Amino acid sequence: MSHTEDRRQGALLTARGIHKSFGANHVLRGVDLEVGRGDVVALIGASGSGKTTVLRSLNGLETPDAGELRFDGGPVVDFGAQAAGQDGGRSGRRTAARTAKTNRAALRDRSAMVFQHHNLFPHRTVLENVIEGPTQVQRVPRETAVGRAEELLARVGLADKRDAYPHELSGGQQQRVGIVRALALQPDLLLFDEPTSALDPELVGEVLTVMKELAEEGWTMVVVTHELQFARQVASEVLFLDGGVVVERGAPAQIFTDPAEERTRQFLQRVLHPLD
Amino acid sequence: MSHTEDRRQGALLTARGIHKSFGANHVLRGVDLEVGRGDVVALIGASGSGKTTVLRSLNGLETPDAGELRFDGGPVVDFGAQAAGQDGGRSGRRTAARTAKTNRAALRDRSAMVFQHHNLFPHRTVLENVIEGPTQVQRVPRETAVGRAEELLARVGLADKRDAYPHELSGGQQQRVGIVRALALQPDLLLFDEPTSALDPELVGEVLTVMKELAEEGWTMVVVTHELQFARQVASEVLFLDGGVVVERGAPAQIFTDPAEERTRQFLQRVLHPLD
Amino acid sequence: MDWQLVVDSFWPLLLGGLAGTIPLALASFAIGLVLALVVALLRLSSNPVLSWIGRAYVSVIRGTPLLVQLFVIFYGMPEIGIRLDPWPSAIIAFSLNVGGYAAEVVRAAILSVPKGQWEAGWTIGMSPARSLSRIILPQAARVSVPPLSNTFISLVKDTSLASLILVTELFRKAQEIAAFSSEFMTVYLEAAFIYWMFCTVLAAGQNALEKRLDRYVAH
Amino acid sequence: MDWQLVVDSFWPLLLGGLAGTIPLALASFAIGLVLALVVALLRLSSNPVLSWIGRAYVSVIRGTPLLVQLFVIFYGMPEIGIRLDPWPSAIIAFSLNVGGYAAEVVRAAILSVPKGQWEAGWTIGMSPARSLSRIILPQAARVSVPPLSNTFISLVKDTSLASLILVTELFRKAQEIAAFSSEFMTVYLEAAFIYWMFCTVLAAGQNALEKRLDRYVAH
Amino acid sequence: GCGSSGESSGAGDELGLSGDTLVVATEGTYRPFSYHDETGELVGYDVEVAQAVAENLGLEVEFQETQWDAIFTGLDAGRFDTIANQVTITPEREAKYVFSTPYTVSTGVLVVAADNDDITSFADLDGKTTAQSLTSNWNDLAKESGAKVEAVEGWAQAVALLEQGRVDATINDSLTYLDYANTEDASGIKVAAETDEESQSAFVVTPERKALATAIDGALDELQADGTLADLGEKYFGEDVSQ
Ligand SMILES: Nc1ncnc2c1ncn2[C@@H]1O[C@H](COP(=O)(O)OP(=O)(O)OP(=O)(O)O)[C@@H](O)[C@H]1O
Ligand SMILES: Nc1ncnc2c1ncn2[C@@H]1O[C@H](COP(=O)(O)OP(=O)(O)OP(=O)(O)O)[C@@H](O)[C@H]1O
Ligand SMILES: [Mg+2]
Ligand SMILES: [Mg+2]
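Protein chains in written order, with my numbering: chain A, 409 to 684; chain B, 409 to 684; chain C, 227 to 445; chain D, 227 to 445; chain E, 8 to 250.
Here's what the structure looks like:
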């Protein structure tokens, strides 16, 4: 791919002190994150530890209560400001709301997301799913969008499914279409939320293989996953999340063979050797 | 357990030439199966290969189109007879229908099933879920049933959850209650349909551990599973199903290290090494 | 607006509601629900004749005006020798009507309970009838509260037709007062307000019931 | 049964249905649906004032008798200087009514579309309005066909009340013929049969529509 | 309860009644003939005439109130013995039912809005719109005069339509108009013309109950003779309306 080279330099995304509560449930308690161009960051951790919430904070699906995000050397999106605004009476609240809205959209437009349950549009064909974003939002001419979509579908081995509806595909095929739909937006950052955990085991491979290829091509990716084998082989950095905090981070080789923290060790033990 | 000894002798269940179609979809194409007392039979195979359908045929949730089942040296339940009855005009059909009904109930009363999605009764507490079968169907006095239920719950570490509702439990806890509900029926045969595949990875262990203990106590079990590690450690026999036929059967050591069939080898490769 | 009239007619109207509308609606709804369950089971039956009977019943009840149904029960039945008093006639007619509408709700609610619940019932040894009563219906109840309360609210208003067969209820009272005073607009608005009060109380009851039934269901 | 009367009155009744009942129901339903969407969005709004307006509207429409709503539009509005002809009055009143009932259906249907669909729309850059129109509503449509067709069937029968505000439709025709011949039972039964025919055709249409919309949805 | 009350054999048996009760259907919403007063009691000219007739015959009277739509159906079904609700004698009805001698004789009035000077006779109705209740025979008169008829529930709605200028006229019983003019504010409407022809209202029974009609005839004769009918007319209309 032509843009491979210019992806490998500088921090694309920096997150600092991200906090998020749902009601009384303080889910994220100050998460820091740095993603360089071309990095593949794997987020692992137990259910409920906040992995999904971190990911969703990166593309504006959740608005953090505090913390800041910075994209590609651009302006700092400061969620603390918003929290301050909340004390600032009515007009303060309004400004804060407006800012939050702009911030969320700015975040979202740099990234694309692949969901655990694909979330394909069931009433549209595979092709229509893929070109929906480019044609409806990015105003790419339909011709161009279709051309690109077909190219991408061919790359993941689904050229012949362009006119199928999502429910006519297997789980693995659906997830691959989900990936293509994300790629078609030409984002700077790809976000994956357990893209294989709802799949039958023998279909996991076909999706992971596509993701591995993307990593090799230099796409920047943040991947929430339980596939520790994949994280080990593909990730440039692994973050272990527990109780809304990044407990440990490091190269996969270190985390998996010699975790510094007891909590990490226990988690890995439970997942890798459930019967012991 | 007191009944451990008398479980280890003779074939408890024999199935011969089981066929089953759903409409035009010929799902089972002559499945043979023998389960000895105290055996743990693991059924593995790709999605759609018919594993669940085999299991459901064993407890009457599906009525096979042809084949025979024999329980514990009892009378042969011949599903072929029923097919014959279908040609035999009205009264033939009626007799066949009656026979099928008796057969199904007979099968069901010897076994108990643990489902993939637990299927606990959401409007009843844990305890009520467990004693429902004994008190409502088997006419065990409530006192006795509660006593047994509490014993079983304690054994799987859920003594303190007896008055909780299912939605207040974690996935792993729900599955353990499902197992207790099955055990409370004191069946001859336990059937498991992928009891861990809907669980978060770090919760898989707690369920598999309970199942392993049951196997060690001598319960007779048929387990559909994708947990090859578990099958390897616990099963006395592994059956690989493909396209509605048992392609290969044997001891776990043999199947996993040296499969005789190419199809078995491919399947194991895909599941165990998805990224290669 | 003639406020004196509004004040004077409030009690007679409310009384018409409390002594006519509400008991009529409650009795018909209770009986109608039982009927609805029977019809829903007919419709769900694998026996084509039974299922056809269920479908035909629903089709006729829902496809024809309630007014005609009332007419047939009250004025038509005597021609085949069955003569009932106004109240029994009204309760029968409204129950049959509720039975037709609620049958669809009950049927949908039964179908909405996951198949796995039937299967769990089967595996622990239950007969279909026992599974239905102990496992399926309690869960179907939760799902059917909102649509059934719609049926009930419609019923409350539909009971105004009972005046055709000599039952005195809220709306009939309103007509009487309107005929006397010629202020039909005022009186009808007042009656509407009382209907609205009844419905609001019902809606509150519905919410409470939903909350109660939600207790043991995941969110 | 006076068969000559049945034969003689069939065409006038059917005509009353085709020229009155059906166009009135169709027009009111179309306008009412648009209104229902607006009200459903109000109710779903996070703005408490808007959501209160939506709730109040639904509460009033569903809590008060349709007859009074018709009277207010037709006999009441002139008192504040708005005098509409019978047909426009009827269409407005029935549309407002449908709007209240269908709003709940539309709201439930929108809520029934998995949240992930909104999120997928968001991640590919869509505004909420665009997500609604291109992603959510097409899926909500499938879910709302059965309850909406119930609303429509009720509407068809409710249009009989339009006769109260001088619109001639099927039921008014029946009343005229019955008043003239004094054979109320016969004529009303015949009218009921024609309503039932209309409803049966509608139900068939509903089935066809459901099949069409099922095309691209998993089973 | 409805219909069958007492077991004691009496005057009712010979008339084909079950027991000693005369069951009379009436609308209860047709002022001043049949309506509920401030106290909620059923009163009105027709109601009191029916009571007087029953008393004369030695019968209990029981009123059943229902809408016009149901009133003849109920008579056919044997739910009521007779109707006291200004049922006008028409040839169509005479073909099906048996009438007593009339107890109300009245004319019809053509009522228009107070500021309407275009309509001064029934002939002027040609091409105009009138509001009529379908229950009355004035309906036919309006049609014969060439008017387009809009059907309304009752007198009050007809007046509202007139005052709102939505119809040009309404034809109704002069007695109804008089009562309205006496009790309500009738400044918005006026009488434009009156019919020459009189209409007659009577009790109506099914043909099997011919004996009952004959008995009612006898009772009405006596009530006429002893001045009861005239008194009732005075009470409700300020004049005798029975002949
Ligand atoms: N929209 C929400 N409203 C309320 N609570 C929420 C919401 N989203 C998440 N939570 C809660 O936040 C906590 C973290 O959730 P999150 O989904 O981020 O965990 P996770 O690490 O992704 O877990 P899993 O592996 O199960 O996906 C959980 O306790 C969850 O219940
Ligand atoms: N009730 C049914 N009606 C129609 N087809 C069915 C039914 N149950 C199963 N099938 C079909 O039968 C085939 C085998 O299904 P089965 O559930 O037994 O497979 P499985 O091996 O358990 O797969 P999985 O691993 O996905 O659970 C599939 O093609 C499935 O679609
Ligand atoms: Mg998650
Ligand atoms: Mg299965």
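Think of the CB as a built atom: it goes at the ideal place given N, C-alpha and C, for glycine as much as any other residue. Owing to the predicted nature of the structure, the values given are computational and were not obtained by experimental measurement.
- Burial of Ile-426/A is indicated by the presence of at least 16 other C-beta atoms within 10 angstroms of its C-beta.
- With fewer than 16 other CB atoms across the displayed protein chains lying within 10 angstroms of its CB, Asp-571/A is exposed.
- Exposed is the label assigned to Pro-483/A, since fewer than 16 other Cβ atoms lie within 10 Å of its Cβ.
- With contact defined as three or more Cβ pairs closer than 8 Å, the stretch 111-125 of chain E and the stretch 179-186 of chain E are in contact.
- Exclusion of the five residues before and after Phe-638/B leaves Leu-616 as the residues of its chain whose Cβ lies within less than 7 Å of its Cβ.
- For Arg-556/B, the uninterrupted alpha helix (DSSP H) segment begins and ends at 550-563.
- Glu-614/B and Val-485/B have their alpha carbons spaced roughly 37 Å apart.
- A Cβ-Cβ contact shorter than 9 Å links Ala-120/E with Ile-196/E.
- Put simply, the backbone Cα of Thr-137/E is about 12 Å away from that of Asp-131/E.
- Within the DSSP secondary-structure output, Tyr-37/E pairs in a beta bridge with Ser-41/E.
- The Cβ atoms of Ala-209/E and Phe-70/E lie no closer than 9 Å to each other.
- For Leu-292/D, the nearest CB of chain C lies under 9 Å from its own CB, placing it at the interface with that chain.
- Closer than 9 Å to the CB of Ala-245/D there is not a single CB belonging to chain E.
- Non-local C-beta neighbours of Ile-361/C in its own chain, meaning closer than 6 Å and more than five positions away in sequence, comprise Gln-343 and Gly-347, ordered along the chain.
- Not a single CB atom of chain E sits nearer than 9 Å to the CB of Ala-388/D.
- Under a 10 Å Cβ-count criterion, Leu-381/C is classified as buried, with 16 or more other Cβ atoms of the shown protein chains found around its own Cβ.
- Here Phe-378/C is not near Glu-45/E, since their CB atoms are 9 Å or more apart.
- Proximity of Arg-398/D to chain E, defined by a Cβ-Cβ separation below 9 Å, is satisfied.
- Rounded to the nearest whole angstrom, the CA to CA distance from Asn-123/E to Pro-39/E is 26 Å.
- With a cutoff of 8 Å, Val-631/A does not count as near ligand 1, since its C-beta is closer than that to no heavy atom of the ligand.
- DSSP links Val-630/A through a beta bridge to Val-449/A and Leu-599/A.
- Taking 9 Å as the cut-off, the beta carbon of Ala-557/A is found closer than this to the beta carbon of Leu-535/A.
- Proximity of Leu-250/C to chain E, defined by a Cβ-Cβ separation below 9 Å, is not satisfied.
- One Cα belongs to Tyr-110/E, the other to Leu-219/E, and the distance between them is close to 16 Å.
- Considering only Val-545/A, Asp-440/A and Asn-527/A, the residue with the shortest C-alpha distance to Glu-476/A is Asp-440/A.
- Taking Glu-436/D as reference, the option from Ala-367/D, Tyr-414/D, Arg-398/D and Lys-399/D with the minimal CA-CA separation is Ala-367/D.
- Beta bridge pairing from DSSP links Ala-419/A with Gly-444/A.
- With its beta carbon less than 9 Å from one in chain A, Ala-346/D belongs to the interface.
- The bridge partners DSSP lists for Ile-196/E are Ala-120/E.
- For Asp-447/B, the closest alpha carbon among the candidates Gly-626/B, Val-655/B, Phe-648/B and Met-619/B is that of Gly-626/B.
- Spatial neighbours of Thr-543/B in its own chain (CB-CB distance under 6 Å, excluding positions within 5 residues in sequence) are listed in chain order as Arg-550 and Ala-553.
- Considering only beta carbons, no part of the stretch 220-240 of chain E lies closer than 9 Å to chain C.
- For Met-521/A, no alpha helix (DSSP H) segment is defined; the enclosing uninterrupted segment is the beta strand (DSSP E) at 519-522.
- Spatial neighbours of Leu-439/D in its own chain (CB-CB distance under 7 Å, excluding positions within 5 residues in sequence) are listed in chain order as Ala-367, Arg-368 and Val-371.
- Not one heavy atom of ligand 1 falls within 8 Å of the beta-carbon of Leu-636/A.
- At a cut-off of 9 Å between C-beta atoms, Ala-405/D counts as an interface residue with respect to chain E.
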